[in-house]
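Structure, as structure tokens:
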Amino acid sequence: MRNVIPTWERSVVGPRSIRGRVAVAGVGETRYYKHGQAPEPEVKLALQAILAACADAGLDPRAIDGFASYSNDRNDPSRLAAALGIPELRFSNMQWGGGGGGGSAAVGNAAAAIAAGYADCVVVFRALAQGQFQRFGAAPPAATASGEAALTFPYGLISPAQRFAMKVMRFLHDHGIGPGAQRAIALASYHHAQNNPRAVMHGRPLTAEGYDESRWIVEPFRLFDCCLENDGAAALLLVSAERARDLRQPPAYLLGVAQGSEYRNAARGHNAPTYASASFTTVAPRLYAMAGVTPGDVAVVQSYENFTGGVLMSLVEHGFLAADEANEFLTLDNLSAPAGRLPLNTSGGNLAECYMHGLELQLEAVRQLRGQSPNPVPGARVAMVISGPMVTPVSSMLLGTEDVL
Amino acid sequence: MSAPAASYLPAGLPRPVPEPDGLDAPYWEGTRRGELRVQRCRACRGWQWGPEWICHRCLAFDLEWTAVEPRGTIYSWERAWHPVHPALRGHGPYVVVLVALAHAGGVRMVGNLLGDPLQAVTIDTPVEAVFEAHDEATPPFTLVHWRRTA
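So the sequence lines, in the order shown, correspond to chains V and U. For what it's worth, my numbering labels the leading residue of the first sequence as 1, then goes sequentially. For what it's worth, my numbering labels the leading residue of the second sequence as 406, then goes sequentially.
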């Protein structure tokens, strides 16, 4: 097509980069609950997580002047600002798209607002109380289906697991990947959760035999390939790099964020041209270019597990392994902190810490850079978060310590 | 509301209805006649599926609905075990396939693979469409399933 902008004029390196300009100064969460078991309403959980992030940073909650979230979070920034007595609301932002694809994009949107001068102190948050509202994994109660749903629901292809199993089955086929790859990803999350008192699955270890004996949800996903559904809330507090240096915690600097998806990813009825994909094939190269790092620089990865097969494709698309190496590379040893080749989901993630719609992964990446993780990777200076495989848009981000800048 | 006696899945799943803006109505009308219709651009002759109001190749708002030969190959598949809808409780596993139509630009269609729900399924297997009419439903509709080509 004519009149497209040449690649060299689209470069994101240089002044058009967020690298080093904004930092996460505080992180906080509520207690994590099994779905439907939170004793508090969802908005109260959101407020509690925000106050916890402020306390972590040592910042008065009245300093907040912006909010960013994703996946149609129900807790409106104007209500939160009124509830918290915030003097002036300057930025409120919702990242379009469902699932966890917006988790890193929301951080990027908040950071962009700070870099652009729209706001000074922006909270990124997500709150879920699925007892109060509907669960993700249960079918909508409608008697009819139209549009995209009409092409799939009448055939019993309804839930997220069913939607994404089709992509993963093709990927496994294309690259000759056996069940051990998905199993290792599940085991890594459960392994790390055993050291994390916050984790819903703390004290409930998973063995390879337990995984192999678990029931099929939809082939190629067994029960333990599928994320939990939970109640709770999590929040991150973002400020400029300069301001973060004066606060209580060591800043976790944003090195880069990228969001989006490939050509016609959302073509209806499973017609995306790049079908067997986690949607990062174009996003990941932009992330690395902005951050100025390579996969070999990343010490620890938090990768959103809606389903383990999505993590597998995410890791491939972010250049940590070739798809044809998956059977050998993806082992519990390689994915375990502190000494594995690629420590993965070191808090337990969506499978075993909490399905906080992935935002618990951002908190864990920050804690790794501070040395506060329940499964620390010694000397970690660069941490990645990958948000929402197989949906569109997806997003991913890189954080670094002061000495990476 | 009742499904035909030979329906692959039990009655009670969401019934397909055309979109309120009419975009996909010709597709669903075609299934009632035993036709598998796909969008094709009158300007550039490119195939398009799922339906959209504009041709993604040449940006013409000039798409026709073409009945294509209802044959293809299995592009991907899954066997669903966990019942995610009340109508599926106690039913047992079933197979969903994604079928690529090589003679229609490689567009893909979702359907069920008829036959033993525990059958081994292989990507690239040739299949042909089977139209499953639900004449008693309100409004009536027809689903498009697939079976191995004899």
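Every residue gets a Cβ at the ideal spot worked out from N, C-alpha and C, and that includes glycine. Owing to the predicted nature of the structure, the values given are computational and were not obtained by experimental measurement.
For a cutoff of 8 Å on Cβ pairs, would you count residue i as touching chain V?
i        : result
Thr554/U : no
His487/U : yes
Ser481/U : yes
Glu424/U : yes
Arg513/U : yes
Arg420/U : yes
Leu523/U : no
Leu548/U : yes
His508/U : no
Leu493/U : yes
With 16 other CB atoms within 10 Å as the buried threshold, where does residue i fall?
i        : result
Ser78/V  : exposed
Leu556/U : Given that chain U is displayed from residue 406 to residue 555, the structure contains no residue 556/U and the question cannot be resolved.
Phe280/V : buried
Ala106/V : buried
His35/V  : buried
Cys446/U : buried
Tyr378/V : Residue identity check: residue 378/V is Pro in the sequence provided, not Tyr. It is exposed - the Cβ of Pro378/V has fewer than 16 other Cβ atoms within 10 Å.
Glu209/V : exposed
Arg62/V  : exposed
Arg16/V  : exposed
His192/V : buried
Gly97/V  : buried
Asp403/V : exposed
Ala129/V : buried
His508/U : exposed
Thr527/U : exposed
Please state the DSSP three-state secondary structure of residue i.
i        : result
Asn75/V  : coil
Ala201/V : A small correction: the amino acid at residue 201/V is Met; Ala does not occupy that position in the sequence shown. Residue state, collapsed to three classes: coil.
Glu42/V  : helix
Cys54/V  : helix
Tyr211/V : helix
Ala106/V : helix
Phe536/U : strand
Met390/V : coil
Pro160/V : helix
His452/U : For the sequence presented, residue 452/U should be read as Trp rather than His. Looking at Trp452/U - three-state DSSP - the assignment turns out to be strand.
Ser347/V : coil
Glu424/U : coil
Met356/V : coil
Gly256/V : strand
Using a beta-carbon distance below 8 Å, is residue i in contact with chain U?
i        : result
Asn271/V : yes
Pro41/V  : no
Glu364/V : no
His192/V : no
Ala258/V : no
Thr274/V : no
Thr144/V : yes
Asn3/V   : Only weak support exists for where Asn3/V lies, its pLDDT of 45 falling under 50; the coordinates are left without a value.
His173/V : yes
Residues of chain V with CB closer than 7 Å to the CB of residue i, please, in chain order.
i        : result
Gly516/U : Tyr155
His461/U : Arg264
Run through chain V and tell me which residues come within less than 9 Å of residue i, C-beta to C-beta.
i        : result
Trp454/U : Ala267, Arg268, Gly269 and Asn271
Val501/U : Thr152, Tyr155, Gly156, Leu157, Gln162, Ala165, Met166 and Val218
Leu414/U : Pro154, Tyr155 and Gly156
Name, please, each residue of chain V whose Cβ falls closer than 8 Å to the Cβ of residue i.
i        : result
Arg484/U : Trp216, Val218 and Glu219
Leu441/U : Simply none; closest approach about 13 Å.
Run through chain U and tell me which residues come within less than 9 Å of residue i, C-beta to C-beta.
i        : result
Leu247/V : Simply none; closest approach about 45 Å.
Look up residue i in the DSSP assignment and give the residues it is bridged to.
i        : result
Gln302/V : Val385/V
Pro531/U : Thr478/U
Gln95/V  : Tyr70/V
Lys34/V  : Asn230/V
Ala485/U : Val218/V and Tyr499/U
Arg553/U : Val532/U
I want to verify the contact list: residues of chain U whose CB lies under 7 Å from the CB of residue i, in sequence order.
i        : result
Ser279/V : Within 7 Å Cβ-Cβ: nothing; Ser279/V doesn't reach chain U, min ~16 Å.
Thr152/V : Val515
Met169/V : Ser481, Trp482 and Glu483
Listing by chain order, which chain U residues have their CB less than 8 Å from the CB of residue i?
i        : result
Glu148/V : Gly455
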